[in-house]
Amino acid sequence: MESVPDIRLLLAVLAPLVGAGAVMATGRRPNLREGCSLAAAVTLFALTASLVPEVQAGKTLSWTVFRLLPGLTVSLRADAMSMVFALSASFLWIVAVFYSAGYMRGLQEHAQTRFNTCFALALFGAIGCAFADNLLTLYLFYEIVSVCTYPLVAHHQDAEGYEGGRKYMTYLTATAKGLVLPAMVLIYVLTGTLDFAQDIRSGILPADCGRAVVTGLYIACLLGFAKNGIMPFHHWLPGAMVAPTPVSALLHAVAVVKVGVFSTVRVMLYVFGVDRMEAFNLGLPTAYFVSITILVASVIALTKDNLKARLAYSTVSQLSYVILGVALLKPAGILGGVVHIANHAFSKITLFFCAGAIYVATHKKNISEMSGLGRVMPFTFGAFAVASLSMIGAPPVAGFVSKWYLLNGAWDAGSTGILVVLLASTLLNAAYFVPVVYRGFFGAASPEDAAHPHGEASAAMVIPLTLTAAISVVIGFYPDLFVQFAKAILP
Amino acid sequence: MPPLTPTGGPPWLTLLIFAPLAAALVASMLRGERALRVWTLLFTLIEAVASLGLLWVFDPGTARFQLVERWRWIPALNLEYALGVDGVSVLLILLTTLVMPLCVLASWTYIQTRVREFLICLLLMETAMIGVFCALDFVLFFVFWEAMLIPMALLIGVWGGARRVYAALKFFIYTMAGSVLLLVAIIALYLETGSFNIPDMMGRPYSPTFQLWVFGAFFVSFAIKVPMFPFHTWLPAAHVEAPTAGSVILASILLKMGTYGFLRFCLPITPYATKVFAPWILGLSVVAILYGGFTALAQTDLKKLVAYSSVGHMGFATLGIFSLTRAGLEGATLVMINHGVTTGALFISVGIIYERLHSRDLGASAGLGKQMPVFAALLGLFCLSSLAFPGTNSFIGEFLVLAGGFQVSTGMVICAVPGVVLAAAYMLRMLQRFAYGGTDNPDHSKIPDLGIREIVALAPLACLVLWIGLHPQPVVHLMESSVANILQQATGPAGTVALVSH
Numbered sequence: 006m007e008s009v010p011d012i013r014l015l016l017a018v019l020a021p022l023v024g025a026g027a028v029m030a031t032g033r034r035p036n037l038r039e040g041c042s043l044a045a046a047v048t049l050f051a052l053t054a055s056l057v058p059e060v061q062a063g064k065t066l067s068w069t070v071f072r073l074l075p076g077l078t079v080s081l082r083a084d085a086m087s088m089v090f091a092l093s094a095s096f097l098w099i100v101a102v103f104y105s106a107g108y109m110r111g112l113q114e115h116a117q118t119r120f121n122t123c124f125a126l127a128l129f130g131a132i133g134c135a136f137a138d139n140l141l142t143l144y145l146f147y148e149i150v151s152v153c154t155y156p157l158v159a160h161h162q163d164a165e166g167y168e169g170g171r172k173y174m175t176y177l178t179a180t181a182k183g184l185v186l187p188a189m190v191l192i193y194v195l196t197g198t199l200d201f202a203q204d205i206r207s208g209i210l211p212a213d214c215g216r217a218v219v220t221g222l223y224i225a226c227l228l229g230f231a232k233n234g235i236m237p238f239h240h241w242l243p244g245a246m247v248a249p250t251p252v253s254a255l256l257h258a259v260a261v262v263k264v265g266v267f268s269t270v271r272v273m274l275y276v277f278g279v280d281r282m283e284a285f286n287l288g289l290p291t292a293y294f295v296s297i298t299i300l301v302a303s304v305i306a307l308t309k310d311n312l313k314a315r316l317a318y319s320t321v322s323q324l325s326y327v328i329l330g331v332a333l334l335k336p337a338g339i340l341g342g343v344v345h346i347a348n349h350a351f352s353k354i355t356l357f358f359c360a361g362a363i364y365v366a367t368h369k370k371n372i373s374e375m376s377g378l379g380r381v382m383p384f385t386f387g388a389f390a391v392a393s394l395s396m397i398g399a400p401p402v403a404g405f406v407s408k409w410y411l412l413n414g415a416w417d418a419g420s421t422g423i424l425v426v427l428l429a430s431t432l433l434n435a436a437y438f439v440p441v442v443y444r445g446f447f448g449a450a451s452p453e454d455a456a457h458p459h460g461e462a463s464a465a466m467v468i469p470l471t472l473t474a475a476i477s478v479v480i481g482f483y484p485d486l487f488v489q490f491a492k493a494i495l496p
Numbered sequence: 007m008p009p010l011t012p013t014g015g016p017p018w019l020t021l022l023i024f025a026p027l028a029a030a031l032v033a034s035m036l037r038g039e040r041a042l043r044v045w046t047l048l049f050t051l052i053e054a055v056a057s058l059g060l061l062w063v064f065d066p067g068t069a070r071f072q073l074v075e076r077w078r079w080i081p082a083l084n085l086e087y088a089l090g091v092d093g094v095s096v097l098l099i100l101l102t103t104l105v106m107p108l109c110v111l112a113s114w115t116y117i118q119t120r121v122r123e124f125l126i127c128l129l130l131m132e133t134a135m136i137g138v139f140c141a142l143d144f145v146l147f148f149v150f151w152e153a154m155l156i157p158m159a160l161l162i163g164v165w166g167g168a169r170r171v172y173a174a175l176k177f178f179i180y181t182m183a184g185s186v187l188l189l190v191a192i193i194a195l196y197l198e199t200g201s202f203n204i205p206d207m208m209g210r211p212y213s214p215t216f217q218l219w220v221f222g223a224f225f226v227s228f229a230i231k232v233p234m235f236p237f238h239t240w241l242p243a244a245h246v247e248a249p250t251a252g253s254v255i256l257a258s259i260l261l262k263m264g265t266y267g268f269l270r271f272c273l274p275i276t277p278y279a280t281k282v283f284a285p286w287i288l289g290l291s292v293v294a295i296l297y298g299g300f301t302a303l304a305q306t307d308l309k310k311l312v313a314y315s316s317v318g319h320m321g322f323a324t325l326g327i328f329s330l331t332r333a334g335l336e337g338a339t340l341v342m343i344n345h346g347v348t349t350g351a352l353f354i355s356v357g358i359i360y361e362r363l364h365s366r367d368l369g370a371s372a373g374l375g376k377q378m379p380v381f382a383a384l385l386g387l388f389c390l391s392s393l394a395f396p397g398t399n400s401f402i403g404e405f406l407v408l409a410g411g412f413q414v415s416t417g418m419v420i421c422a423v424p425g426v427v428l429a430a431a432y433m434l435r436m437l438q439r440f441a442y443g444g445t446d447n448p449d450h451s452k453i454p455d456l457g458i459r460e461i462v463a464l465a466p467l468a469c470l471v472l473w474i475g476l477h478p479q480p481v482v483h484l485m486e487s488s489v490a491n492i493l494q495q496a497t498g499p500a501g502t503v504a505l506v507s508h
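Protein chains in written order, with this note's numbering: chain W, 6 to 496; chain L, 7 to 508.
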């Protein structure tokens, strides 16, 4: 595989950083400030999109930013795997800029400049993770995401916000410092490098590494990237739901959590490698381990009346699909897992957008109060319904594509257990999403709502959520772009 | 070691060492506080720039002592005035000269009484500290070592806080106890070799018992200075009571004397004993890392918090040194430099808070960041550096120390890992309290943000945090050969020959 130096990678990573600076500098003029966010988002997407043809042609683009010590560099790469994440995250940032302007202004939130600055910084971290060429770079940007999102989680600066923020930082930094850092150092000691392998087969660990060491490192990496939401280190995610909804939408459905699963998958495939994982039988046990998360999180989601909390647990559950797919170590499974990074992003951001739109229009957070709202907010609930279908995995919405490949992968791996888990979780998904939609469209409106009629939220919110719902359908029909990239990962 | 031959040329090191002394003499004659401050600042700046000249004349390609000066001093005792530097000491000298002008700036408004005496103390400290890092004759080293003690005790005892006399006394007694043992070790070595020349003492076939005893004396004396658990109790007291400049000098330079002692004396002179004691010292280092972390987490006094964090960080330095691996030693030297930069900056920051609030209480400073955004950004950078955030200076040092540790004992490193997590916990807690606080923050609406002087005092350190963090190669290059040589002396054939011959 060819590796070509390309400065666009650096520019892409710098775009949100420069954007953050511009947002901070223009804080006194809200329109200009949002304009800066938008410009940064569009620049980032354009740069990322401009990489597509080369990566499709099978090239790997790279750029070294800093050389710390021999074998330790901060360097970037764009390959098929990074494109799946980078494309979806950078595109959704554009949508989120509009939505968050609508949301934050609609609620007249305080500290909007800080909010937008940190938002851009979080994207800086996420794109850095997507383009990371080695474990050190990945870790660097992973930590940047953790630190820069704290102000977003604690945004409201009330007791609940601080508590959520504390939990957030505690879980994320303790796992990263306590597990990933030592694992990374040990990998460096064992191999003399932290650069990811060029393909997913070989990994980078030397052949004479014992089973115990490899397994220990693997577990540390699996649990250490706690942004992936694997139980028991998932509590930060529901805790972070105190953040304003655009944060929950872009960060806790796309950027932050996907940084977690992306990092996990990157390390599984490009540090450990499929061959090593097969040899030491790490695949299926991982799949079963994350199955617990898939099922338990779904059951917890069922019990939540707060819409955002239900979505949060749904996210916890869906993230583990990605890891489960890859852990099957079969082409179809890896394909399904990687594609789900993008598919879940588009659908889950729609759901959070809807939750935020409902809150801005009605100030309601609980599902039990949302009876009949679908009739006054048809676009919002329509989009919610479409995205729910995607979560459930019904054709022809995006989620179906990933679930199809996941089921194939489970079949190829010959694991009935995983098949059962996938089917059971589909039923659970339906069980916690369908009632919301049903209640919205067919429930009786409360007398209070009848007394205070309201319509949809502002267009700045409704258009983005309709758009992402529509895209979820489009990539259900034409899944080629992401599937093509995911196929390019396979040996 | 090859015999120490004078390099010839101008006596750069002598000039560097004694220029501050001359400046102190000038200061004693100047009139007017402002003139005094400006003179000291100017002088320390010139000294800092001049010391950068070391980078031009120093050749990092060799491990030999360079810029060597040798003069007879007291021939009857074979005493010499011998100076010279290697990669490690050059770095520490640069750190010293960099920190001094910042100390003067940080004391600009902080010190209002006996300004002349204060500034003279600072300049005397500078002479003694550079002297310690340059001395290659053991008695000369000891003279400088002791010479640091008095101005430092004065800094704490005269310009310190409420319990300054107690703190100064404690500092004095602890370090004095260490010094006595150091003197004993020096005399023992003299009786064995008939020389006070430090390179002469390295790589000699001392008997194992002799090595163990000498090492023991060295160890206690340097461990107090580092300070290693359980010899650390003087540190929080001294830090809390000392004025900002005192804390900065203490943290940035004085603590490094201990680890410098390990590198300069323990490893090359007593390699056998080093190997015998190394596992135990590694254990103590891990204890220090954990203890420092837990105690720092429990503090509400900002200075104590930073002081205990020093105990933890210096634990990493000793962990690296006694892992006796290349990565460990290089990492430890980096940790020494980085701790000097970061903790110095943190103490200046705490001083800045204290000057505004007249309190070092974490609760009192809650939410202050809102009024001081520039300061909050700088403090944020230093806090991240202190918790070894990737991309900052401390990360690379800790990374190498852990890498060195893994080569010796995986279990030991895994035991130290909670310390890394704790560092994140106490630093982020402090940063959170400062930047956000809680729902019931005190009113800070009249507090001004940083002035130019304060920004200038912090900016060089902030630049170093990022520069070493992202581009550590020049620093590593400077010390590479020297560290390799020290390691070779500790683990190479010289260490084993002694075992065989006895």
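Glycine is no exception: its CB is placed at the ideal position from the N, C-alpha and C atoms.
{"Query": "With a CB to CB cut of under 7 angstroms and the five nearest residues on each side skipped, what residues in its chain are close to F446(W)?", "Result": "G379, R380, F386"}
{"Query": "For L255(W), does the three-state DSSP call read helix, strand or coil?", "Result": "helix"}
{"Query": "Counting only Cβ-Cβ distances shorter than 8 angstroms, please list the residues of the segment 475–491 of chain L near chain W, keeping chain order.", "Result": "L476, H477, P478, Q479, V482"}
{"Query": "Could one say the Cβ of V414(L) lies closer than 7 angstroms to chain W's Cβ atoms, at least one of them?", "Result": "no"}
{"Query": "Out of I402(L), F139(L), P17(L), D206(L), point me to the one whose CA is closest to L73(L)'s CA.", "Result": "P17(L)"}
{"Query": "Taking Cβ-Cβ distances shorter than 8 angstroms, what residues in chain W pair up with T339(L)?", "Result": "Per Cβ cutoff of 8 angstroms: no residues; T339(L) is ~13 angstroms from chain W at best."}
{"Query": "How is Y104(W) classed by DSSP in three states: helix, strand or coil?", "Result": "helix"}
{"Query": "Determine whether the Cβ of T178(W) lies closer than 7 angstroms to any Cβ atom of chain L.", "Result": "yes"}
{"Query": "Can you find a C-beta in chain W that's less than 7 angstroms from the C-beta of V426(L)?", "Result": "yes"}
{"Query": "Can you list the alpha helix (DSSP H) stretches of 4 or more residues lying completely in the segment 346–412 of chain W, in chain order?", "Result": "378–381, 383–397"}
{"Query": "For L394(W), tell me which candidate among V365(W), A436(W), I372(W) has the shortest Cα-Cα distance.", "Result": "A436(W)"}
{"Query": "Taking the alpha-carbon positions, what's the T154(W) to L48(L) distance?", "Result": "43 angstroms"}
{"Query": "Does the beta-carbon distance from A332(W) to T291(W) come in below 7 angstroms?", "Result": "yes"}
{"Query": "Label C536(L) either buried or exposed according to how many other C-beta atoms from any shown protein chain fall within 10 Å of its C-beta, with 16 as the threshold for buried.", "Result": "The structure shown does not extend to residue 536(L), since chain L is modelled only from 7 through 508, so no value can be given for it."}
{"Query": "Does F71(W) have its Cβ less than 7 angstroms from a Cβ in chain L?", "Result": "yes"}
{"Query": "Just to confirm, are V321(W) and G234(W) a CB contact at a threshold of 7 angstroms?", "Result": "yes"}
{"Query": "Could you check where the beta strand (DSSP E) with F71(W) kicks off and where it finishes?", "Result": "65–74"}
{"Query": "Going along chain L in order, which residues have a C-beta closer than 8 angstroms to the C-beta of E148(W)?", "Result": "F395, P396"}
{"Query": "Identify, in the order they occur along the chain, each residue of the same chain with its Cβ nearer than 7 angstroms to the Cβ of V407(L), setting aside the five sequence neighbours on each side.", "Result": "F322, L325, G326, G334, G337, A338, V341"}
{"Query": "Report the option in E53(L), R366(L), R78(L), I52(L) whose CA atom is closest to the CA atom of P12(L).", "Result": "R78(L)"}
{"Query": "What are the boundary residues of the beta strand (DSSP E) that Y212(L) is part of?", "Result": "Taken as a continuous stretch (DSSP letters only), Y212(L) belongs to no beta strand (DSSP E), as it is neither H nor E."}
{"Query": "Considering Cα atoms alone, identify which of T102(L), L111(L), S57(L) is closest to I458(L).", "Result": "L111(L)"}
{"Query": "Using a C-beta to C-beta distance shorter than 7 angstroms, which residues of chain L count as neighbours of V23(W)?", "Result": "Within 7 angstroms Cβ-Cβ: nothing; V23(W) doesn't reach chain L, min ~17 angstroms."}
{"Query": "Is the number of C-beta pairs between the segment 296–312 of chain W and the segment 254–272 of chain W that are closer than 8 angstroms three or more?", "Result": "no"}
{"Query": "Report buried or exposed for H483(L), applying the criterion of at least 16 other Cβ atoms within 10 angstroms of its Cβ.", "Result": "exposed"}
{"Query": "Tell me, which residues are paired with D449(L) by DSSP?", "Result": "None, per the DSSP bridge assignment."}
{"Query": "Look up L81(W) in the DSSP assignment and give the residues it is bridged to.", "Result": "W68(W), A137(W)"}
{"Query": "Is the beta carbon of L199(W) less than 7 angstroms from the beta carbon of L141(W)?", "Result": "yes"}
{"Query": "Pull up the DSSP beta-bridge partners for R78(L), would you.", "Result": "E86(L)"}
{"Query": "Quick one: which unbroken alpha helix (DSSP H) runs of 4-plus residues sit fully inside the segment 148–235 of chain L? Chain order, please.", "Result": "170–199, 204–207, 214–231"}
{"Query": "Looking at C-beta atoms only, is the number of pairs between the segment 212–229 of chain W and the segment 114–122 of chain W that lie closer than 8 angstroms three or more?", "Result": "no"}
{"Query": "Taking 8 angstroms as the limit between beta carbons, can you name the residues of its chain near Y144(W), skipping five residues before and five after?", "Result": "A181, V185, L186, M189"}
{"Query": "Inspect the CB distances between the segment 274–281 of chain W and the segment 387–407 of chain W and report whether three or more fall short of 8 angstroms.", "Result": "no"}
{"Query": "Hey, does L394(W) have any beta-carbon neighbour from chain L nearer than 7 angstroms?", "Result": "no"}
{"Query": "What do you get for G481(W), buried or exposed, if any count of 16 or more other CB atoms within 10 angstroms of its CB means buried?", "Result": "buried"}
{"Query": "What residue range does the alpha helix (DSSP H) around V185(W) cover?", "Result": "Careful: V185(W) lies outside any alpha helix (DSSP H) and carries neither H nor E."}
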